[in-house]
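Quick notes on the structure that follows.
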RNA sequence: GCGGAAGUGGCGGAACUGGCAGACGCGCAGGACUUAGGAUCCUGUGGCCGCAAGGCCGUGGGGGUUCAACUCCCUCCUUCCGCACCA
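Residue numbers (our numbering): 1035 to 1870.
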């Protein structure tokens, strides 16, 4: 008898699929569409099983949806620009393109070897001019709409990457790619995309995503945008009527309780304020020291608050009171106004600060009990809801909410402030001082200034022969043929921009390009996109919760404003799969705990590897890879193959479908057991695919079904061929999304030609799944004391009677009075009896 | 500090809406077939007591609601993740 040989079977079916173009999908209004997408991979080095989990989940869903009759778009492509390629190229003395293309070829080989059902016609590579010219095109559109601008500012510089990073790429004060390398502050002129223009929309549209996105992703994005409503208030400077200090506060109602003004160390007014004071030299030195002391962000929350009194005073515009001006290490220049009013009674940070430096504490919001006392309070009283204002001039007696409203309005009327909303979100810095990325399509002309490259001159192609040093200057600057260009406006000499774009620009819109990958006139055809979008199911790691997913949402909104798409959100449902661990840590090349994808395919076959990936844990959870446990899945497929092989011969010509099912009434007891098990399995596996996505239980259920088949051996004696065939077919069909090659092989062995491509997901038949007899548990006082087998659907009183009639139960009850009898039909009877 | 998720046998994990805790798989033990078995098949496998029938205990700890709690409520502990001087 032929043994299960995954190598042969898998190669055979991969070839068949390819020849039949089994996974190609085009827009077809007559069909329901389903766009399922796994996050675009960065093609680097070898692929391990950690990578494969993402694609295995996506492929199972894609195949299931096809069997459900959907027109399924399931594309794949390459996030091909980026630093690792450039660094690897420098190390090896080759061109980044060479390294990248080799990796793509390898990635593709692995995808093919795993039988993933991609439509390869959609394949894109972001490093090809055909693709990145549209990055440039989008950039120019943004430039036209003032969504792209150039600004000199303090930026995050990674000394290892030798480039600046976006705020989103800084994790715990370190480079996201180099967790041990703190970013440095560097003043550089660079390009920004004005994502902040969409702050409110990015926040508000999350309401549309609540149903389909993981809550934690939405929470992370919400935190990142960090909207805060408050007011800007201008305090005067004593002795200088012309000067003012602006502060941002969310609690303008507490302004009468302010006992100091605190500036960030870098605040531009600081130097001027201390210039004339007697102890000038000493104070300036202290400030210089504070400025130099860079705190690691992780320590910020716990660091000791420090302040320096500037020997100058501000004037509270509401009360006219003079307040000392301080510099404080806990005030951030980047947020709000870079200055705060210090209200110790109602802000915990201010409370600590004033305690340390002996500044007065003054209660201006009293609690409902009226017990707050500045002399005795141990912490700030910062309740927004319940307090009433006291000692606050004309505002005394107002509620906090009312006071905030009225005081902001008054500040505006009197010209020293107004309501203001601030955000934590900053504009997206996209310039990178590296080579392997999209050239930014602008030039600088001495006469005309900044000149955008005209559309018809796109793409600005990355020149091939560039010396890569990794030394932190844009490599493109050293290529005169690239840099020197004729001004597009005046024809005079001009210089090209030599920075390239952050690769997150590439991945912000790639899923649109998949639908129309070779369009030379536009980034994509609007009608095609209208058919496929929004993406029905996006699958990827939680790492991209902010970065990629926020940028993509931003791009989508820009594209909508450009009239390119008619939706505001690109992704309806998002699924974040868990990490694959090995020995408790994430599988990764740098940790040295990888299980190679190709190695697995060669050793046990990709069907086994895929099945195990789905079986070992629910997909959203982290899973531990265990070579030993993989064996279990391998054995399962072998067993299944053997059972089918044993019976294929006599089943091949048998007609299936309705005959067997329709005959269920006349089926033997053993046949009924098989059919019942099969349809119960089908019901639950279908549920798993539709609702829960718990493929681990789906696999377990199919294993149980195979166990049942085995238990009914010899099958030829226990069931008619039509019944056996129906059960085996159901089994093969249910397995098809998860282990597609063996499923095809079994399907063919059963006598089907044409492959599973035409097979539909079977409908489960409730009457076949229904149990005729059920085991009912009998409890006495909540403890299981017996079990009886009864016909399904017995009425409650009958069930209660039978339970009490049971000999063993009668013995346990032993004449005690039954106080209560709880019956759960078809499940359980609980007799509550008097205690002895 | 704030917010979120989770804690179940030796291990990965099941238990859908409060109704038999431990499905399925790994591992382990015993057996069958075999020259052989790291192949295959069968049986057993939460702990304790017992020859057995059976009994008691058991889902991080403690308390509660209920005829009945892994599931609901309170409280504490642990782990992981996110945010963190955001004014």
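Don't be surprised by glycine CBs; every beta carbon is placed ideally from N, CA and C.
Ranked by Cα distance from residue 1090, the first of 1080, 1636 and 1729 is 1729.
Around residue 1216, the same chain offers 1207 and 1208 as residues with beta carbons nearer than 6 Å, after the five sequence neighbours per side are excluded. In the three-state scheme derived from DSSP, where H, G and I count as helix and E and B as strand, residue 1577 is classed as helix.
Sequence-distant partners of residue 1246 (beyond 5 residues in either direction) whose C-beta falls short of 7 Å from its own C-beta, in its chain, are 1606, 1607 and 1608. Between residue 1148 and residue 1631, the CB-CB gap stays under 8 Å. Taken through DSSP and simplified to helix, strand or coil, residue 1689 comes out as coil. In this structure, DSSP gives residue 1675 a helical state, which the three-state scheme calls helix. Where residue 1235 is concerned, the enclosing alpha helix (DSSP H) starts and stops at 1233-1238. Of the residues 1833, 1565, 1300 and 1232, the one whose Cα lies closest to the Cα of residue 1460 is 1232. Taken atom to atom, the span from the alpha-carbon of residue 1396 to that of residue 1378 is near 7 Å. As the crow flies, the alpha-carbon of residue 1093 is around 9 Å from that of residue 1070. Judged by beta-carbon spacing, residue 1130 lies within the 8 Å limit of residue 1119, meaning their Cβ atoms are closer than that value. By the Cβ criterion, the stretch 1456-1471 is in contact with the stretch 1220-1236, since at least three pairs of Cβ atoms, one from each stretch, lie closer than 8 Å. A Cβ-Cβ contact shorter than 8 Å links residue 1352 with residue 1427.
Taken through DSSP and simplified to helix, strand or coil, residue 1105 comes out as strand. Distance from the CA atom of residue 1305 to the CA atom of residue 1322, rounded to whole angstroms, is 10 Å.
It is roughly 6 Å from the alpha-carbon of residue 1494 to the alpha-carbon of residue 1475.
Cβ-Cβ separation between residue 1522 and residue 1485: approximately 5 Å, consistent with a contact (criterion under 8 Å). Per DSSP, reduced to three states, the secondary structure at residue 1523 is coil, with no helix or strand assignment.
Under DSSP, the beta-bridge partners assigned to residue 1477 are 1485 and 1530. The DSSP-derived three-state label of residue 1790 is helix. The beta-carbon distance between residue 1860 and residue 1808, rounded to whole angstroms, is 5 Å. This is short enough to meet the 8 Å contact definition. Three or more beta-carbon pairs drawn from the stretch 1338-1358 and the stretch 1284-1293 are found closer than 8 Å, and the two stretches are therefore classed as touching. Under DSSP, residue 1396 takes part in no beta bridge, so it has no partner. In its chain, beyond the 5 residues on either side, 1296, 1297, 1298, 1299, 1301, 1304, 1321, 1324, 1341, 1342 and 1344 have a beta carbon closer than 8 Å to the beta carbon of residue 1361.
Comparing C-alpha distances from residue 1266 to each of 1370, 1272 and 1535 shows the shortest one belongs to 1370. By a beta-carbon distance limit of 8 Å, residue 1549 does not contact residue 1262. Their separation comes to about 39 Å. Scanning the stretch 1756-1824 for uninterrupted beta strand (DSSP E) segments of 3 residues or longer gives 1807-1814, listed from N- to C-terminal end. Under DSSP, no beta-bridge partner is assigned to residue 1091. Distance from the CA atom of residue 1558 to the CA atom of residue 1826, rounded to whole angstroms, is 59 Å. Of the candidates 1179, 1138, 1180 and 1195, 1195 places its Cα closest to the Cα of residue 1536. Between residue 1227 and the set 1761, 1584 and 1597, the nearest pair of CA atoms involves 1584.
Fewer than three beta-carbon pairs drawn from the stretch 1447-1456 and the stretch 1159-1178 are found closer than 8 Å, and the two stretches are therefore not classed as touching. Measuring C-alpha to C-alpha distances from residue 1422 to each of 1169, 1436, 1411 and 1458 identifies 1436 as the nearest. Here the C-alpha atom of residue 1622 lies approximately 15 Å from the C-alpha atom of residue 1075. Here residue 1540 is not near residue 1642, since their CB atoms are 8 Å or more apart.
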